[in-house]
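The block underneath contains the structure these notes are about, expressed in structure tokens.
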Amino acid sequence: MSASNKVDSSHKDEHQNRGVTGQEPAALLLDRWTLSKCTNNTYLAVGDGAKHIQTEYFPFTRPREERQAADIKDVLLADSSSKCEKLLSIYAPPAHPFQPGSSWYPWLFFLLLLPLSCLLYFLCFKMRKRRQFIPPARESVGDPGNVELQGMELRVQK
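Quick note on my numbering: the sequence shown kicks off at 182 and runs consecutively.
Here it is in structure tokens:
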């Protein structure tokens, strides 16, 4: 975002432009247009085509110079593959490869511990509930007295 392009390249009080001190506001805008073109994105700059904004207050504008118009045409129409590499190295440096180390093992432990503890709690809860509702043993179809006699005979024989 290059909102509130100021008059000079010091970019004083422009937090969004703190990394590009020394670059003219118009050049910064063109670089960001080029970068968005390289990455198949868009970058919006508001203006009426004849003037460009210098501050947040829209009436304070400055006439656009012919050099700026030519630069805009070059950015929009030219093949900028060489400039893309330069801009991408500045604005989007390559990410460092992930190096597994001991710093992520504790997180993995906690990520695995939480679902396992929930699963164990759920299973224990279901088992306790199931034990409460165990139906009584079914009686044999035969004569109950006969079962007792058979059981007594077995005890006596032992």
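Ideal placement from N, C-alpha and C gives every residue a C-beta, glycine not left out.
Straight-line Cα distance separating residue j from residue i
i    : j    : result
L210 : F291 : 46 Å
P287 : A276 : 23 Å
T223 : L216 : 9 Å
I271 : L225 : 20 Å
G200 : L289 : 36 Å
F241 : L258 : 29 Å
F306 : Q197 : 55 Å
R243 : Q204 : 18 Å
L301 : M308 : 10 Å
Reduced DSSP secondary structure (H/G/I, E/B, other) of residue i
i    : result
T220 : coil
Q331 : Residue placement at Q331 is poorly supported in this model, since its pLDDT is 48, which falls under 50; the coordinates still yield a value, given next. Reduced to three states, the DSSP call for Q331 is helix.
P275 : coil
K267 : helix
R199 : helix
Closest by C-alpha distance to residue i, when choosing among the options
i    : options                   : result
C265 : L293, S190, T220 and K193 : T220
Requested in this report: Count the C-beta pairs between the stretch 246–258 and the stretch 195–215 that are closer than 8 Å, then say yes if the count reaches three, no if not.
Outcome: These segments touch.
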